[in-house]
Each structure stands twice: as structure tokens, then as C-alpha cells.
Amino acid sequence: MIEFPPGLLLILGAILVPLLPQIVRNAYMLALPVIGFWGLLMLPEGVHFAFDMFGYTLAPVRVDGLSLVFGYIFHIAAAISIIFAFHVKDTVQQMAGLIYAGAAIGGVFAGDLISLFVYWEGTAIASVFLIWSSRTEASYRSGMRYLTIQVGSGVLLLAGTILYFKNTGSIEFTKMGLTGIGPALIFIAFGIKAAFPLLHNWLQDSYPEATVTGTVFLSAFTTKLAIYALARGFPGTDMLIWIGAAMAIFPIFYAIIESDLRRVLAYSLNHQLGFMVVGIGIGTELSLNGTTAHAFASVLYKGLLFMSMGAVLYRTGTIKSSELGGLYKSMPYTAAFCIIGAATISAFPLLSGFISKSLIISASAKEGYMIVWLVLLFASVGAIFHSGIRIPYFTFFHKDSGMRPKEAPTNMLVAMAIAAFLCIAVGVYPAPLYEILPFQIKYVPYTTTHVVTQLQLILFAALAFAFFIKKGLYPSQLKSINLDFDWTYRRLLPTILKGLVSIIIPADKFVRTVFLNRVERLITGVFRHHGPEGLLARTWPTGSTVLWVAVLLALYMLFYFI
Amino acid sequence: MTDQPKPDDKSYWLDNEKNVKKIIVALIIASVVSVLADFFYHKHVVFEVEGIPGMYAWYAILSAAVVVIGAWIFRKLLMRSEDYYDEGDND
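In the order they appear, the protein sequences are chains D and S. Counted the way this note's numbering counts, the first sequence spans residues 1303 to 1864. Counted the way this note's numbering counts, the second sequence spans residues 13 to 103.
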């Protein structure tokens, strides 16, 4: 058995993609994550392929409980996303998807901060092509913003690593906590990719601009790599509890009023990350297991939701909630898969969201964080509202839009079916997932109390939704955009710069005029003295020079004596 | 990629208002049952408030109201026309 670094197979494998004929290409691409997954099962725990470079000990592959869970789900997500994209013939997207997935997988196995940095930037650079592949003006600009922010995150990571190395003499990627400026920079770098409040907007800006299949890839990797990195480097950092709580709440309101349904899902993704960040902040074995399990589950149901909306966009050409409705009539399978994804994010019993989210909520209660616990329950109702009901309701039911698009292509249905099956399987039989979590603890999700209370939460949220719709109190589906933090760099900063320019240009002009006048006078002056007729331009005989030197010497002597 | 054959005249189960009503009635019954269930088992609670019968139902209603009111406020403050940033459509 030859061991190979996880992720590298997908990255190197991507190079062959353009050389292969279309017939075998799909099978080849799907084989890469399948073989990679198999290789992962064979890989023993510990550090592999370590080597020294420039005095640093690099550990490109470190296998342990935490990295394995993320490694497994990333391989599964890659395989599902590749199947979903079987109909795509664009080699740029195919290669970008593989390299991106491979870099994310490599990232979760990176045992040192330098290797992590390399993969970190790899995900940024590969994934932007999934956005640019939409080949629209909007996607180009959005991709540029995305790339700037993502690469910026990498630069912070590198700067933090250098400072961390200076203080500790180590670049091992392990629990560091907020112990100085180096780790603080690394914390911010992770926070950008994890879409912390105010650092979040690249997510909602770019994901809806990517291609139908690109968004499915994007939803799985970048943010979960960041969650992994936070769980590795900063478990038990109190600040994360409150950051996570804020993250779990504020995107809800945007997700209710946003009209682009893929953007709704991007807000919804951001809000689900909030739960995971809270789990990292609490930092107990139960809560960290919860974060890991929830990341695993959310890759599947979030992917499923993005796939269903991608299928709708692919068939109807729009994803604006104001233009959709009644699609269950001609896309019943897509509708059914979407509902499974929606019920999973609502944490309906017997689905994976129920058995993963409850670990985090239980941990918050167990540690006595009552406010956080109430916030997470509130956020759960929010999830039921914006993703659990709103997404399927306004797409597939509500008013009949008159559109009768064809059912999604077979490959898309297969990909959705696999994700839906896994959502149910993990929910019904959570033992295997609990088994692979980083900490061995006993947790029983299906207690009477838990099932009944969760059903109350879901049923009454649904009832409230029906009431608001009936009374016309639910915010109507309008074609619009809603300002978010990206306004600061898409509108405010450019406006300030424009304002500065309007002050600077006249000021600059004034300075130049004054300066030019001076220069002109100087030139005239110089010309007077040094010009052809100037006093200083005449050729002087050597004798007179000697005389002048003698005069200077005499003066010098005189002053010396005085 | 638009693919829209003409709307068919086929009638679907949900087109009938009566059936929609049936779903709502079923939802109401299920909700009531879930609250009544609170009286028939021993609830394991961490915080005292959890012990109040139907606490999760009340909390869901309260949260739903906050979500919708918050959304209206967000819309009032932050909604702009679609071409605000003027970058072309993403469809």
C-alpha cells in the first residue's frame, strides 16, 4: 500500500482532466475522491511525510480524529458535487473544482502553519474560477472582491505564523489560543474565512454569482475548512461564543427578505456556521464534538439545498423568489429533495441536523450559558423560517408562476438523492458518525424530552409561518437587494475616495502651478548666470582659479587666527 | 437555459383550496398534540423555564414574531433597487 498525502491526488489529478475525452472524463473525476477516500481509510494516525526546510520542520500530513472527520466529509462532498456537475463540459470549472476540493482536504491534514497557509491560499485561488466561470460582469467583479479578501486572509495567516514562530520557535498547528499578536492575526485570518460578523460579506456577495454547479462546490469547503482551523487552534476561546451567537442571529433577517434564493442560502450557511463557532467557543468535549458533527451534517444538507436551487436555476433561468412558485408540478423530485434538505436544517427528528445541532445546544445548557442557549433556540426557529419553510415554499408551492420546467437532469437528481439519503441515514442511525467524532463520549439524541420539545419548536414555527402568510404579514417577495457590510467597500470607500480625489485634484493643480512658476524662475535665474552670456559660464584661466584658492586660504588663515 | 412548455390544464392536489385547508388543520392538530404531550412524560430540564408546559411552543411563537418584525425593520432600512451597485444582472 502506497501512502499519499490526502488531497494531493485531487490536485494532481486535475492536470489530466483537459487531456481526457469527455466520455471517460466524468468517471475519471469521480474516481479521484473515491480513491482518495479509500486511501484515507488506510492512512494510520500520526504525522507523515515530515521534512525540514529552511530550518522549519514541516508536517504536511497529520492524521487524527478531528482532521479525519473533515477529511471524510470533504471527500464525500467532492464526489457528490462532481456527480452534480456531470453535464458541465467546461474544463476550467472541472479543474477548479478538483483543485479546490483537494486544497481543502490538504488543509485539514496540514500539521504545520506553513503547509496550512499553502493550502489556504490554494482554496482561494482555485475557487475563484468557479465564480468567474459564470462569465458575467457581476461575477467578474464579485470574484475580484472574493479573491482580494481570501488572499488577504492568507496574508494575515502568514504574518501571524511568522510572529508566532518568533515567539515560540514552533510552526506546529496546534491549540494556541489568543496568546499574543501572532495568534491574534491567525485568529482574524480564520475569522475571515469562517465569515465572522463584519468579515462575512464575501460569502453572500460571491456564492450566488458562481455557476450552478460551482456554488455547490463552494458551499462545502471554504467555510468548513475555517471551522476546522478554529476548532484546532482556538477551542475554548470565550470570545467565540459571542461571535458565534451574533453570527447565528443577524443573517436570519437578511435571509427572510433577500430575493435571490441562492443568496438566502448563503445567509443561511453563515448562520449555521454561528452554531459551530459557539461550539468551538464553549470548548468542552461535548461542544467540540457538536461542532464537528454539525459541520459534517451541514455540508450534506447545505449542499442538498444549494443543489436543489441550482437545479431550479438551471431549468428556469432564474432564482429570484419573486419569479418562482408552483414548480412542484413539473419538478416533483427536486421539490422532494429540497424538502428533505429543508427539514434537515430545521433539525427535524430522524434527520442529521437533529442529531448534530442538539450536541451544541445541549453543551451550551450544560455549561450554564442560558442566554446563549436561548439565542441558539431562537436561531433554530430562524432556520426553520428562512431555510426550512421559505426556500421550498416560495419555489415549489405558493402562487403558480406558470412555469413548467422539465425535471432536473438525471445526474443532478442522483447527486441530490445521495445527499438526501445521507441526511436521513445519519439522522436515523447516528452511531457511526458519533463513533468517528474526535472525543469518545456518550450522547443520546433521541430522548422523549428532546424529540417532543423539538417537534413543538418546529410545529409552532410552521404554524406561525402559515399565520403570517395568511394575514399578509410575511415580507413579500420583492426583486431588490439589501445593503449589508459590503456596502462599506462597494459604495462608502469608493465615495470617500472620489470625494478625496475631488479635493486632491484642485489642490494638486494649485501646488503644481506654484511649483512650476518657481521652477521657471529658477531656470531663468540659472540661465542668467550659467547661460552662454552668464557670469559663471565663462571659461576662466587656471591662474585665476589659483588666485581664488589663495584668497580662500588667506581668509581661512585669518579666521583661524581670530 | 429556459425550458418552459405551456402551462398544462392538469389540476394538482394542492390546487384545491380544501386540501390546503386540510394541511393547515393537520398542522394545528399536530401542534396541539405536541403541547399536550408535555403533560404525559417526565421532562429532563437544565433550566427551570424549560419545565413550563409548552415552553418550546411559546418560545417558537415569540421567536417567529421577532424574526418577522426584525425582517420588516431590516427591509425598511436596507432595501434598495436591484441595480443599486449597477453591476449587471447575475442571471
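Even glycine gets a Cβ: it sits at the ideal position worked out from N, Cα and C. Predicted, not measured: the structure shown is a model, and the values here were computed from it.
Looking at chain S, is there any beta carbon in it that lies within less than 7 Å of the beta carbon of residue i?
i         : result
D:Thr1790 : no
D:Leu1505 : no
D:Val1279 : This structure cannot settle anything about residue 1279 of chain D, because the visible part of chain D is limited to 1303 through 1864.
D:Met1672 : yes
D:Pro1711 : no
D:Ile1798 : no
D:Ala1645 : no
Starting from the C-beta of residue i, find all residues in its chain whose C-beta is less than 7 Å away, skip the five residues before and the five after it, and write them out in chain order.
i         : result
D:Trp1434 : Ser1441, Tyr1442, Gly1445
D:Glu1423 : Val1453, Gly1456
D:Leu1780 : Ser1561, Ser1624
D:Ser1360 : Ser is not the amino acid found at residue 1360 of chain D; the sequence shown has Leu there. Once the five neighbours on either side are set aside, the close Cβ partners of D:Leu1360 are Ala1352, Phe1353, Asp1414, Ile1416, Ser1417.
D:Pro1732 : Ile1657, Pro1747
D:Gly1479 : Pro1485, Phe1536, Thr1539
D:Phe1498 : Ile1545, Met1549
D:Ala1568 : Leu1505, Gln1506, Tyr1509, Pro1510
D:Ser1369 : Val1410, Phe1411
S:Gly66   : Val47, Asp50
D:Leu1563 : Met1611, Ile1621, Ser1623, Ile1693, Thr1697
List the residues of chain S whose Cβ lies closer than 9 Å to the Cβ of residue i, in chain order.
i         : result
D:Val1461 : A quick correction: the sequence has Ala, not Val, at residue 1461 of chain D. Those do not exist, as D:Ala1461 stays about 31 Å from chain S at its closest Cβ, beyond 9 Å.
Here's a check: name, in chain order, each residue in its chain whose Cβ is nearer than 8 Å to the Cβ of residue i, leaving out the five neighbours to either side.
i         : result
D:Leu1311 : Leu1334, Ile1337, Gly1338, Gly1341, Gly1404
D:Leu1465 : Gly1482, Ile1483, Gly1484, Leu1487
S:Asp95   : none
D:Thr1476 : Arg1534, Gly1535
Grab the span of the alpha helix (DSSP H) containing residue i for me, first residue to last.
i         : result
D:Leu1415 : 1415 to 1434
D:His1282 : There is no way to answer for residue 1282 of chain D, as the model of chain D reaches only from 1303 to 1864.
D:Asp1865 : Because residue 1865 of chain D is not part of the residues shown, which for chain D are 1303 to 1864, the question remains open.
D:His1389 : Here D:His1389 belongs to no alpha helix (DSSP H), and DSSP marks it neither H nor E.
D:His1596 : 1587 to 1618
D:Leu1893 : Only positions 1303 to 1864 of chain D appear in the structure, and residue 1893 of chain D is not among them; the question remains open.
D:Phe1698 : 1693 to 1698
D:Gln1396 : 1393 to 1411
D:Ala1496 : D:Ala1496 -> no alpha helix (DSSP H), and no H or E assigned at all.
D:Leu1757 : 1750 to 1772
Note down, in chain order, every chain S residue with its Cβ under 7 Å from the Cβ of residue i.
i         : result
D:Ile1642 : What D:Ile1642 touches in chain S: nothing, since even the nearest Cβ is about 18 Å away.
D:Leu1626 : Per Cβ cutoff of 7 Å: no residues; D:Leu1626 is ~12 Å from chain S at best.
D:Lys1781 : Glu94
D:Tyr1556 : Phe86
D:Leu1785 : Leu90, Arg92
D:Leu1631 : Reading off the sequence shown, one finds Lys at residue 1631 of chain D, where the question assumed Leu. Those within 7 Å of D:Lys1631 in chain S are Tyr24.
Within 7 Å of any Cβ in chain D, is that where the Cβ of residue i sits?
i        : result
S:Lys88  : no
S:Met13  : Residue placement at S:Met13 is poorly supported in this model, since its pLDDT is 44, which falls under 50; the coordinates still yield a value, given next. At least one chain D Cβ lies under 7 Å of S:Met13.
S:Ala49  : yes
S:Ala76  : yes
S:Ile73  : yes
S:Ile36  : yes
S:Ala69  : yes
S:Asp103 : Here the model assigns S:Asp103 a pLDDT of 43, short of 50, so the residue's position is not dependable, and the following value carries that caveat. So, interface residue.
Looking at the secondary structure, which residues open and close the beta strand (DSSP E) in which residue i lies?
i         : result
D:Leu1360 : 1358 to 1360
D:Phe1353 : 1353 to 1355
D:His1573 : Run containing D:His1573: none in the beta strand (DSSP E); it sits in the alpha helix (DSSP H), 1563 to 1584.
D:Arg1364 : 1363 to 1365
D:His1350 : 1348 to 1350
Show which residues of chain D have a CB atom less than 7 Å away from the CB atom of residue i.
i       : result
S:Ser23 : Neighbours of S:Ser23 on chain D: none; closest Cβ ~10 Å, over 7 Å.
Please list, in chain order, the chain S residues whose beta carbon lies closer than 8 Å to that of residue i.
i         : result
D:Phe1699 : Leu26
D:Pro1777 : Val80, Ala83, Trp84, Arg87
Here's a check: name, in chain order, each residue in its chain whose Cβ is nearer than 6 Å to the Cβ of residue i, leaving out the five neighbours to either side.
i         : result
D:Lys1701 : Gly1627
D:Thr1636 : Ser1610, Ala1613, Ala1710
D:Met1541 : none
D:Met1303 : Note that D:Met1303 scores a pLDDT of 47, beneath 50, so its modelled location is shaky and nothing firm can be said.
S:Ala69   : Val47
Problem - Residues from the stretch 56 to 67 of chain S in contact with chain D, defined by Cβ distance under 9 Å - result: His56, Val57, Val58, Phe59, Val61, Glu62, Gly66, Met67
Practice task
Could you name the residues of the stretch 1678 to 1690 of chain D whose beta carbon sits closer than 9 Å to any beta carbon of chain S, in the order they occur along the chain?
Solution key: Leu1679, Phe1680, Ala1681, Ser1682, Val1683, Gly1684, Ile1686, Phe1687, His1688
Exercise for the section: Check each residue of the stretch 1742 to 1769 of chain D: if its Cβ is closer than 9 Å to any Cβ of chain S, include it; give the result in chain order. Expected result: Thr1749, Thr1750, Thr1751, His1752, Val1754, Thr1755, Gln1756, Leu1757, Gln1758, Leu1759, Ile1760, Leu1761, Phe1762, Ala1763, Ala1764, Leu1765, Ala1766, Phe1767, Ala1768, Phe1769
Practice task
Could you name the residues of the stretch 1653 to 1670 of chain D whose beta carbon sits closer than 9 Å to any beta carbon of chain S, in the order they occur along the chain?
Solution key: Ser1664, Ala1667, Lys1668, Gly1670
Exercise for the section: Output, in sequence order along the chain, the residues in the stretch 1546 to 1575 of chain D whose CB is closer than 7 Å to any CB in chain S. Expected result: Ile1554, Phe1555, Tyr1556, Ile1558, Ile1559
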